[in-house]
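The block underneath contains the structure these notes are about, expressed in structure tokens.
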Amino acid sequence: MQYVRVRCPHCSMILDIPESYTGSKIRCGNCQKGFGLPSFSDKDILETIVDPERVESFKPVAPENELDKEIAGMISPELLEEPEAREPEALLDDEATDDETPDKPMFVAAESDHLPTGFTVLDINRLGVFFEFPASLLEDDNFRGKMPKSCVRCGATSYLNTHLVVFEHDLHDVVTVENNHVPTRIELKDRDIKRMSPAELLGTLPNLEKLDPPLNRAMPFWVCDLCDPARLVYARGEINKETGEGICRIRIKRYKIAEEFVCNIGGKHS
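Each residue of the sequence shown is one higher than the one before, counting from 41 in my numbering.
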């Protein structure tokens, strides 16, 4: 599926929208306000801007005064900029070239006495927030069900699809390995996601039989219909078969989602 990157004219959040939605009205997952998408792409708009000769021949589908307002808020500034020069080693993975990330989170996890024992913030950088915690915490439904009940890309709280954080032995984008463990889509309606307690919600999820306990107990997270779930959450887990002890690591790209997760399990804002 091809995506078009647009900026919400109300709150300036960058959204990745399926190309098939052009020409229709959508709702921003961040501010929940609606706006129309013209039936032409960012590429068309960009070519019009950089080639004045095309302006006269360009025929918009909406009245000019309304179109101008939408274009002013929807053109992504990065489309007009030269790509930033990077050293080869700086490209740690494909996510290094992904869209911009909001300001860093302001939580201070280390100062809270209410965080689960062993839960640690390893690093915060341009790839997201890295957490480490004992694998035994996956046996605690109150911990495992505390990912924010909103889209991990845009923050929308409606039209959510359920995905699983899968803790395999190597660090992976969880969406790429999810289908290996859950071949069918998890069907949960928005009203069920919102009203269920963590224990009730987790009771609807499958065990991951290919993984050793407690890594077979995945954590749910959500992505809305309009967003691509790829390259947002990475995870890995490792179990010592002799002792049964293990470590899990998870990387959440969106700082706001990572911050809410930490606050849900006992962290606090600075």
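Even for Gly, the Cβ is constructed at its ideal location relative to N, Cα and C.
Ranking 255, 238, 170 by CA distance to the CA of residue 208 puts 255 first. The C-beta of residue 202 has 16 or more other C-beta atoms within 10 Å across all chains shown, which makes the residue buried.
According to the DSSP assignment, residue 44 belongs to the beta strand (DSSP E) that extends over 43-47.
Around the Cβ of residue 277, a 10 Å sphere holds 16 or more other Cβ atoms; the residue is buried. At the C-beta level, residue 304 and residue 194 stay beyond 7 Å of one another. Bounds of the alpha helix (DSSP H) holding residue 243 are 238-243.
Residue 263 is a Cβ neighbour of residue 192, given a cutoff of 7 Å.
If you compare the alpha carbons of 56, 250, 164 with that of residue 296, the shortest gap goes to 164. When DSSP states are grouped into helix, strand and coil, residue 297 belongs to the helix group. Where residue 216 is concerned, the enclosing alpha helix (DSSP H) starts and stops at 214-221. For residue 164, the enclosing beta strand (DSSP E) covers residues 160-165. Secondary structure of residue 175 (DSSP, three-state): helix.
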